[in-house]
Each structure stands twice: as C-alpha cells, then as structure tokens.
Amino acid sequence: MKTYKHLYAQITDFANLDEAWRKARRGKRGKEAAARFEENAEGEMLQLQRELESHTYCPGPYRTFIVYDPKQRKISAAPFRDRVVHHALCNVIEPIYERKFIYDSYANRLGKGTHRALDRAQYFARRYRYVFKTDVETFFPAVDHDILKAILWRHIADDDARWLMAQIIDSGRGILADQYRQRWFAGDDLLAATRPRGLPIGNQTSQFWANVYLNPLDHFVKRELKCPAYVRYVDDFLLFADDKRTLHGWRRNIEAYLATLRLTIHPDKSVVFPVVTGLPFLGFQVFPGYRRLLKGNVRAFLRRFSRQRRDLRRGDMQLGDIKASLAAWNAHADHGDTWRLRTKLFYQRPIPAAIGS
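Per my numbering, the sequence shown runs over residues 110 to 466.
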C-alpha cells in the first residue's frame, strides 16, 4: 500500500493558501467575514501560514443554522479563515484519493456530480430489472472519528498533515450529537457511547471525508460482491440486478460490512423494487425511459424563491442573484422531462411578475 509523506510543506505553501482563499471566497464576496479577510488578505494568509507551521492553529467555533432544502438539515459553518485552511488541505490531499475512488462515486468530485449520477442510474435502469436503493442512517452525525483517522492514516504518513487533519476532525466532535441515535455493535462496551463522532455538514473537508469514509464500502461492493451496476452519491447508493434474491443477499452483506464502519442502513429507506416503477434519486423520479422531478423538489424550489423575494424586498438580496438562482434551478430541472412544469412556473405564474421580467 502506497503511503504519502512530505505533504505539509505543500499545504502551508503561500501559493496554495492563496489558491485556497480564492476558492473559499467564491459566492461569499458579499459576506462580512469574507470581506474582512479580503481587506488584508496577504496578512491574514501569512498569519495562517505561521500558525500552521508552528502547530498553533486552532479551528474556531461553528455557526449553526437550519435549512429546509428540501428536508431539514443542520448546517455548521466554520469561520472564513478555517474554510481557507480546509481548501488548502483538500488541494493537496484530494488528488491522492481521487485515484483511489471508484468510477461510480459521484459526489463532490471534479467531472462527476448529481447529473452524471442520474445519467448513470438511468443507464443501469435500462439494463437491469430490479434495484436495491438505500442510504446510511444519519450518516454525517454517525461518522466515527477513530475509524476515519485510521482510514486516512493508511495513506497519509506525514505527521504534520495528520496533525492538521486531526484538528479539523476533532473540531466537529459532538456538533451533531442531537441528531445521533446511539447504536451498539458487536464487541461494544459502555464506553462505546463516548466515542467521538460527527462531521459538520457544510465543511469542504466533510464532503471529501464522506467519500474517504465510504470508499472501502465502494470497493467491497465492486470487488467482493462483484456488483457490476452500482452508483453512490454521498450516502445514497443503488445496486442493480436482474433478480431480487441477489439484491437481498447483497443487502445482508452490506449491512454486515457497514457495521465495521459503525454505520447502519436506514430501515425505512432500504428497499428492493422493479426499476419500471420509478426510482427516486437526487430529486428526480428516474424511469428507464424518462425522468420526472419529485414533488418535494418543486415545493422546496418555491419555498426558496419565496424567501428570496422577501430578502429582495428587505434589501438583503440582489435581483441578479435571484435571477442566477432561478437560472441554475431551471438548468437542473432541464435534466428531467419537465418542459410543461417549467413553462407553467416561468412563463405563466408567478415568477416573471415577481422579479419584474
């Protein structure tokens, strides 16, 4: 197994920190914290560099809020300077793991994304009769810190890089504790309840580490189960086959493997069914020959648009930002058979009048 050393100098290099800052400020330039950092960007980055090199860097407190898009989620936003550090780390570490990820892992990867995942799911739906659809129950709150570090340390042998990753991982301890239901696994004692766990939803590093944490599962499904048709997007995953018995057998094997990661599949969202009935995935109902937007996706869009209108009236949002958001959703919806729906929303009611176009 190949290991990597001498990474920390790359992480703390000023040019890398500068690139990380430019990534972190995308979409944030109007925010107060980003603006304050930008006023003295060079000085801020030099200070971060000194703290990282001397191991005096310490992540700041998270700002927590709830979003409903489309379901309720607790978002934990790190301070802006910490987001710069997250990008600096990922700039160096992500390429190492990109070579280790399977082809059909689609979240938070260059050249992948939701639409590629939808295309792949539909590709398999046209070739197989049945699908096993599942997700991991409360995935981000359940990620075990010791297991995550052990997976990372298999390839990252740089002690300084390990120190920084541990700082970031440990900063999320207990942040989603209110969303975690204690689970007991074989060999557990009473101290298992105190194991550090949880990845803050909203961190750049959390999205990356989600892929790292489930990468062993991906390889288990492909190499051990020999499943030829598998798609994963974060903790949502699909397995396709031509008979139900095979899929039910794979389900049992996956449940056993996930237990080694101290994870469980969601009991109410794990089902085997024919692909012709339509597969709910990433906001769409995917059929072998077409796709429809799920009703919840449309409702979430209308709620978000309503909030944006209120923000526009209060002066908290610019009209151009709303139009950009509408254009992005329209482009997303265009990946399904949604012409009539979009015609109704964008040309008949009530959006054009609301934004003055």
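In this text, a Cβ means the ideal position worked out from N, Cα and C, and glycines have one as well. Note that this is a predicted model, so its numbers are computed, not measured.
Unbroken alpha helix (DSSP H) run spanning residue i, endpoints
i	result
A442	L428 to A442
I120	Y117 to T121
Y232	T223 to A234
F248	F248 to A251
Y206	F189 to E207
Y366	K353 to T369
F146	E141 to E148
H375	Taken as a continuous stretch (DSSP letters only), H375 belongs to no alpha helix (DSSP H), as it is neither H nor E.
W293	No alpha helix (DSSP H) contains W293, which DSSP labels as neither H nor E.
L450	W448 to T452
Short Cβ contact (7 Å threshold) for residue i with residue j
i	j	result
D213	Y342	no
Q158	T112	no
F241	V381	yes
A270	Y117	yes
G311	S185	yes
V245	D351	no
I256	L370	yes
L300	G281	no
Y237	F329	no
K114	A230	no
I211	K331	yes
G392	N406	yes
A442	L402	yes
R408	D446	no
W438	F410	yes
Y206	K353	no
Backbone secondary structure at residue i - three-state DSSP
i	result
S313	Looking at the sequence shown, residue 313 is not Ser but Gln. Helix at Q313.
K132	helix
V385	helix
I184	strand
F329	helix
R218	coil
A462	Unreliable positioning characterises A462 in this predicted model, as indicated by a pLDDT of 49, which lies under 50. The coordinate reading is nonetheless provided below. DSSP places A462 in helix when its eight states are reduced to three.
R422	helix
F390	strand
I211	coil
Y113	strand
R263	coil
R304	coil
R412	helix
S280	helix
Q258	Note on identity: in this sequence residue 258 is Lys, with Gln being the wrong assignment. Note: K258 maps to helix in three-state DSSP.
Rounded straight-line distance, which links the Cα of residue j to that of residue i
i	j	result
H264	I277	18 Å
A286	A302	11 Å
R306	K183	16 Å
N320	D297	26 Å
A124	L198	13 Å
Q316	L367	19 Å
R292	G398	40 Å
H444	S163	49 Å
L261	M426	40 Å
A187	K137	13 Å
V384	F396	7 Å
F346	L388	12 Å
A462	T452	At A462 the pLDDT is 49, less than 50, meaning the model places this residue with poor confidence and gives no usable figure here.
H254	R208	23 Å
T355	T386	19 Å
I175	Q181	7 Å
T243	S379	4 Å
K404	A216	23 Å
D279	R290	20 Å
I363	A440	35 Å
L323	R135	28 Å
N149	L155	10 Å
A259	W359	26 Å
Enclosing beta strand (DSSP E) for residue i [first to last residue]
i	result
T393	In the sequence under discussion, the amino acid at residue 393 is Phe, which differs from the Thr named in the question. Per DSSP, F393 belongs to the beta strand (DSSP E) from F393 to V395.
F241	Y239 to D244
L402	R400 to L402
T173	R172 to Y177
A350	D345 to A350
V341	Reading the sequence as shown, one finds Arg at residue 341 and not Val. Start and end: Y339 to Y342.
Taking 8 Å as the cut-off, does the region 180-195 touch the region 123-143 (at least 3 CB pairs, one atom from each stretch)? yes
Are there three or more Cβ pairs, one per stretch, closer than 8 Å when the region 364-383 is compared with the region 417-425? no
Pair every Cβ in the region 218-227 with every Cβ in the region 326-336, then say whether three or more of these pairs are closer than 8 Å. no
Count the C-beta pairs between the region 402-416 and the region 244-252 that are closer than 8 Å, then say yes if the count reaches three, no if not. no
The region 140-160 / the region 199-207 touching (three or more Cβ pairs under 8 Å): no
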